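Using our numbering, the letters of the sequence shown correspond one by one to residues 52 to 121.
Everything on this sheet refers to the single structure shown next.
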Amino acid sequence: MVGVILNLAVFFAYHVLWPHGAGGAFDWISLVIGIAAGVALIRFKAGVIPVIGACAVAGLIVTLIGRALW
52 MVGVILNLAV
62 FFAYHVLWPH
72 GAGGAFDWIS
82 LVIGIAAGVA
92 LIRFKAGVIP
102 VIGACAVAGL
112 IVTLIGRALW
């Protein structure tokens, strides 16, 4: 069971952090949001649902700012 969960984690991390494949650019913003989520969950004992919501809002803001600038 642990192997299945680890395999899924690696699969999704690869596709989130390298959205255009290994030859594409690394997505630093996704890494920062992921680390912030981990810190919120482990260090500050935040709830899972509020952390997911905060990450969704952060991703939406980054996307909208990126589209406005380009």
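For each residue, glycine too, the CB sits at the ideal point set by N, CA and C.
Keep in mind it's a predicted model, so treat the numbers as computed, not measured.
Can you tell me whether residue i is helix, strand or coil according to DSSP?
{"i": "TRP69", "result": "coil"}
{"i": "TRP79", "result": "helix"}
{"i": "PHE95", "result": "coil"}
{"i": "ILE74", "result": "Reading the sequence as shown, one finds Gly at residue 74 and not Ile. Looking at GLY74 - three-state DSSP - the assignment turns out to be coil, as it is neither helix nor strand."}
Tell me, to the nearest whole angstrom, how far the beta carbon of residue i is from that of residue j; I am working on the premise that it is less than 8 Å.
{"i": "VAL83", "j": "LEU92", "result": "With 8 Å as the limit, VAL83 and LEU92 do not qualify as a contact, their Cβ atoms being about 15 Å apart."}
{"i": "VAL113", "j": "ILE80", "result": "5 Å"}
Measure the C-alpha to C-alpha separation of residue i and residue j and round it to an integer number of angstroms.
{"i": "ASP78", "j": "VAL55", "result": "25 Å"}
{"i": "PHE62", "j": "PRO70", "result": "12 Å"}
{"i": "ALA88", "j": "ASN58", "result": "20 Å"}
{"i": "VAL90", "j": "ARG118", "result": "28 Å"}
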